[in-house]
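Taking the numbering used here, I'd label the letters of the sequence shown as residues 39 to 238. Using N, Cα and C, we set each Cβ at its ideal position, and we do this for glycine too. Remember, it's a predicted structure, so these values are computed and weren't measured experimentally. Read the structure below first, then the notes.
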Amino acid sequence: MSFELPKLDYAYNALEPQIDARTMEIHHTKHHAAYTNKLNEAVKGTNLDGKTIEEVLAVVDKQSAAVRNNGGGFYNHNLYWKVLTPGGSGKPVGELKTAIERDFGSVEKFKAEFSNAAATRFGSGWAWLVKENNSKLVVSSTPNQDNPLMPVADVKGTPILGIDVWEHAYYLNYQNRRPEYIEAFWALINWDVVADYYKK
Ligand code: MN
39 MSFELPKLDY
49 AYNALEPQID
59 ARTMEIHHTK
69 HHAAYTNKLN
79 EAVKGTNLDG
89 KTIEEVLAVV
99 DKQSAAVRNN
109 GGGFYNHNLY
119 WKVLTPGGSG
129 KPVGELKTAI
139 ERDFGSVEKF
149 KAEFSNAAAT
159 RFGSGWAWLV
169 KENNSKLVVS
179 STPNQDNPLM
189 PVADVKGTPI
199 LGIDVWEHAY
209 YLNYQNRRPE
219 YIEAFWALIN
229 WDVVADYYKK
């Protein structure tokens, strides 16, 4: 069994104007494809062969940098494509909204904390909305392709929303203006998908 690059649920130009088609195409067919291929090379013939990506990420502290970086890259981009949808899906509702208000005070306060985590992540990495094992929601950020499923993460749990703040995710359209990309990201979120991840 090997890991497969997923197809996207929308066209490369479907997230415009917030994310341009060329960025999407390169991001998916070059960056995500490379993480996927290199992950398969890294696990081939090892005791990780045939494991799920979650099982791989749970033991990356004992693995090579290739497994950690490409395993994270494979998983993180799978999540990123899923939590985005053309035009977004409105606002958090139901159980997810209740949990956000319980743990952050309001949806606006959560958005401010998440945007700040994304803007202040030095260099390349990700910001996350994480469901901790006690179901509490927290915001965190990780460097490179790390994520909250890894034992090496400062904040551990299940990521239910993530933003890629590597320059490859926004540079063609926004250049050095990462905060503008982060602001635009809010208009693309599929809150139904995030709510499903919260319930699991
Ligand atoms: Mn990326």
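DSSP three-state call for residue i: helix, strand or coil?
| i | result |
| --- | --- |
| residue 202 | strand |
| residue 227 | strand |
| residue 54 | coil |
| residue 219 | helix |
| residue 41 | coil |
Under 7 Å from any heavy atom of the ligand MN, does the C-beta of residue i make it?
| i | result |
| --- | --- |
| residue 184 | no |
| residue 202 | yes |
| residue 71 | no |
| residue 65 | yes |
| residue 137 | no |
| residue 207 | yes |
Check the C-beta distance from residue i over to residue j and give it rounded, since I have them as a contact under 8 Å.
| i | j | result |
| --- | --- | --- |
| residue 196 | residue 168 | 7 Å |
| residue 33 | residue 121 | Given a span of 39 to 238 for the chain in the structure shown, any question on residue 33 remains unanswerable. |
| residue 61 | residue 211 | 6 Å |
| residue 223 | residue 56 | 7 Å |
| residue 185 | residue 88 | That belief does not hold up - the Cβ atoms of residue 185 and residue 88 are roughly 21 Å apart, past 8 Å. |
For a quick check, are the C-beta atoms of residue i and residue j less than 8 Å apart?
| i | j | result |
| --- | --- | --- |
| residue 160 | residue 151 | no |
| residue 63 | residue 187 | no |
| residue 182 | residue 162 | yes |
| residue 76 | residue 104 | yes |
* Asked: Can you give, in chain order, each stretch of the beta strand (DSSP E) that sits fully within the stretch 119-202 and has at least 3 residues?
  -> The stretch 119-202 contains, as complete beta strand (DSSP E) runs of 3+ residues, the segments 163-169, 175-181 and 196-202 (chain order).
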